[in-house]
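A short worksheet on the structure shown next.
Residue numbers (our numbering), protein chains in the order written: chain A, -18 to 295; chain R, -18 to 295; chain V, -18 to 295.
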């Protein structure tokens, strides 16, 4: 889309040299013909090295932007980005491309296979499963009945996805207008599930806004778990039932999240950390320790605190 | 059904003039040929103005009933009502009626379309979706794969319902017999979803007992959320993942419910209230404030309380 | 499978008389040609009476085993058992056997019916439902759209299973290797749902490792509930939305679990106990009482404690 057209959509004054914008991307990773946005001091550190063709930015931060980058001044860059995301959204149903289904894969009746799909040896797609466009599934996987795998998802080898789970739906991302309405952010990223991952029943894993929601090798996810957009789960994590990971939660390897635990998003949990059932994580956690409670503390402290509460107040 | 027949089913003595009862309704809204019930002091305030043809009522409250209303005395009106609800339940599969599907709507293979269905311009029904009888869907909606929309649901324009969500199943309502068994209350109400609503994946929204479970314009609901029967969500609410709203929760506009929060039902939350993640709401809340905790308090107090607990007891 | 072959797979030294092993089973119930395992002092009490043909066991416990039982010494019996479970797993898709579908049952288009299935009079299987192999469904049941019922599940009469629920998927069970990877335990048990049970939408009920996950007569389960492997729910329980029962939780009759409550597994809750919303159960509970909180206490104490916290610390 022409930059002049973008400015017209957003009602931004533009009198520079016109150019083509091919996609939207985060300030950290945008490059080439991409457009990005910056609306907070927190992300301002990326401005100097920003390689985007153009950037939506509030007036107070514009002086920090690298010279090569075209500045598009606006009051609410996040809202402008959300408005544009619809125009840059990939098609939900795409043009017919050829599929690459192994003759040793088995597609059961009632499964839907999109376009540009590859399914490798010995994988089984069960009835009612929906395999979106440009999905790839490795060897020896079982996609159970009524699982929905959205466009662009990549599944490794030896993965099991239990019934009625949903992989790759849009995350819960909106920008907010002054009149109180919310503008949807269309998610152009994807989900990548590495080898040897098992995902329970009725699990939801959201695609990334940009880039990838990543489930690394050997991780096991129980039923009814929510994994938000842009999360990254290290190798061999265990995520027990009804846990919710908010967007951009980064887990190290072998992290254990107990049942009904949760995270506030945009935080990191170190390798081998263990969150007890119901633990509510709201900040970065060092690995190798056990935590519990909400607000969270170390498990041993939680026991102590609860014992004293009961002793003093019952 | 004849009133005499109803009394026979319920083993209630009846020697008045017989009449026809067409449906069941709440004490507040019953009128015409409808039957209602009252089993608590709490609802007794509606008795004087009750316009129902007949009412199931405990002996201690019968003197409060308006003269025009036929009194059916019984020990457990709620149980009598539950028993009757089965006889007055609407058919799950209805007689064939014509559908009104826009030529600009797209129904993908493997979708099920019931009878008496209308689907407007540019709406997309994806594979495995179930559209029940007498459902209407507005313009420009996307009903994702394997979504189930039960009979009588009304969906506005520009709505997105993500994969594997269930709209309009019966709520969790039972009456209890003395022998400990539970009698199902068949739900005859529906769900109405207004324009510009987005509903996540694996969300469940129950139909109303009578009347409507209502999701107003512009509200956005994240994955794995439960909305109980007869809830009403105001415009532009944001309901984050794994939240549960018990039956008859009324949210004002622009209410934000954080992840894994919940409500006890039969309560109201004012406009622009914000419940932090995990907040457990058990009574009415004034709008415009931030709340947290379980039991709930104002967010600033929750921070103070938790800090003091950790300071004193760790 | 020959015992010598098993030892070869597990790299266990074996020089006894070879024999055939037909299946795996728990130490308590193994008999005939079955193989079991014991890796903890907790289960050592079953060793003396163990009727298994052979047992995987750590060296320190081997002296407790009954004379008739062949001892297979290993460092990690649970891991050995997990490795073997794959070899003894029942087929997901089985040889064609005849079905026994009542002429008064109704199978709607788009439903998948496996092999060896029986469906009794007046039961309704709705579109997109998946009925696995060797499933039996009683009279007068409604299996709603997109419900998945896995192999070997038994459903009684008059049951309602609402849309998109999953009955009988493998539980969340893994053994752990020293390198941090997890080995899946294939679940060979099943789920039995007795008469008059209603199960909400998007509910997940896991099959047992061995034996049966059991939902007894008259129990009602709300939406988005998780029931772990080997749970047993007594008659007429009420399990409110978003509750999670960890594996091997045993509920008596008429237990009420409030919304978003949970249990830690391997525990018993007595008849007529009532867990308030959000209650987190971590040990056995006496019946007939009301409980709340996490850690759990009696409801009246929870109110007292919370009031004092707010009074002292706000």
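Backbone N, C-alpha and C define an ideal beta-carbon position, used for all residues, glycine too.
Cβ of residue i within 8 Å of any chain R Cβ
i, result
"residue 290 of chain V", "yes"
"residue 296 of chain V", "Given that chain V is displayed from residue -18 to residue 295, the structure contains no residue 296 of chain V and the question cannot be resolved."
"residue 150 of chain A", "yes"
"residue 284 of chain A", "no"
"residue 278 of chain A", "yes"
"residue 199 of chain V", "yes"
"residue 185 of chain A", "yes"
C-beta neighbour in chain V for residue i, strict 8 Å
i, result
"residue 108 of chain A", "yes"
"residue 295 of chain A", "yes"
"residue 31 of chain R", "no"
"residue 119 of chain A", "no"
"residue 55 of chain R", "no"
"residue 153 of chain R", "yes"
"residue 18 of chain R", "no"
Cβ of residue i within 8 Å of any chain A Cβ
i, result
"residue 133 of chain R", "no"
"residue 127 of chain R", "yes"
"residue 240 of chain R", "yes"
"residue 196 of chain V", "no"
"residue 287 of chain R", "yes"
"residue 137 of chain R", "no"
"residue 272 of chain V", "no"
"residue 59 of chain V", "no"
Alpha carbon of residue i to alpha carbon of residue j, nearest angstrom
i, j, result
"residue -11 of chain R", "residue 214 of chain V", "35 Å"
"residue 173 of chain A", "residue 197 of chain A", "8 Å"
"residue 256 of chain A", "residue 269 of chain R", "33 Å"
"residue 94 of chain A", "residue 132 of chain A", "11 Å"
"residue 192 of chain A", "residue 53 of chain V", "50 Å"
"residue 147 of chain V", "residue 220 of chain V", "16 Å"
"residue 202 of chain R", "residue 209 of chain V", "27 Å"
"residue -5 of chain R", "residue 36 of chain R", "12 Å"
"residue 234 of chain V", "residue 176 of chain V", "14 Å"
"residue 19 of chain A", "residue 141 of chain V", "51 Å"
"residue 287 of chain R", "residue 223 of chain V", "26 Å"
"residue 263 of chain A", "residue 230 of chain A", "10 Å"
"residue 187 of chain A", "residue 194 of chain A", "7 Å"
"residue 281 of chain R", "residue 242 of chain R", "17 Å"
"residue 14 of chain A", "residue 87 of chain V", "57 Å"
"residue 5 of chain V", "residue 206 of chain V", "29 Å"
"residue 106 of chain V", "residue 139 of chain V", "13 Å"
"residue 167 of chain V", "residue 72 of chain V", "11 Å"
Buried/exposed call for residue i, threshold 16 Cβ in 10 Å
i, result
"residue 23 of chain R", "exposed"
"residue 0 of chain V", "exposed"
"residue 189 of chain R", "buried"
"residue -3 of chain A", "exposed"
"residue 227 of chain A", "buried"
"residue 47 of chain A", "exposed"
"residue 165 of chain R", "buried"
"residue 179 of chain V", "buried"
"residue 108 of chain V", "buried"
"residue 26 of chain V", "exposed"
Discussion item. For the structure I just gave you, are there three or more beta carbon pairs, one from the region 107 to 123 of chain R and one from the region 152 to 159 of chain R, closer than 8 Å?
Written reply: no
Worksheet entry | Contact residues within the region 243 to 261 of chain V, judged by C-beta distance below 8 Å to chain A | 243, 245 and 261
Worksheet item: Just by C-beta distance, which residues in the region 202 to 235 of chain V are closer than 8 Å to chain R?
Response: 203, 204, 205, 216, 217, 219, 221, 222, 223, 234 and 235
Practice prompt. Return the residues of the region 155 to 182 of chain V that lie within a Cβ-Cβ distance of less than 8 Å from chain R, sorted by chain order.
Written response: 177, 179, 181 and 182
Worksheet item: Is it a yes or a no for the region 57 to 67 of chain R touching the region 78 to 88 of chain R, going by three-plus beta-carbon pairs under 8 Å?
Response: Fewer than three Cβ pairs drawn from the region 57 to 67 of chain R and the region 78 to 88 of chain R lie within less than 8 Å of each other, which leaves the two stretches out of contact.
Discussion item. Below 8 Å, how does it come out for the region 246 to 263 of chain A and the region 203 to 223 of chain V: are there three or more Cβ pairs, yes or no?
Written reply: no
Worksheet entry | Inter-stretch contact (C-beta, 8 Å, three-pair minimum) for the region 0 to 12 of chain R and the region 26 to 38 of chain R | yes
Fill in: Three-pair Cβ contact test at 8 Å for the region 118 to 135 of chain A versus the region 158 to 166 of chain A
no
Worksheet item: Taking one C-beta from the region 51 to 62 of chain A and one from the region 96 to 103 of chain A each time, how about it: are there three or more such pairs within less than 8 Å?
Response: no
Practice prompt. For the region 82 to 105 of chain V, enumerate the residues whose C-beta is nearer than 9 Å to any C-beta of chain R, in chain order.
Written response: 87, 89, 90, 91 and 105
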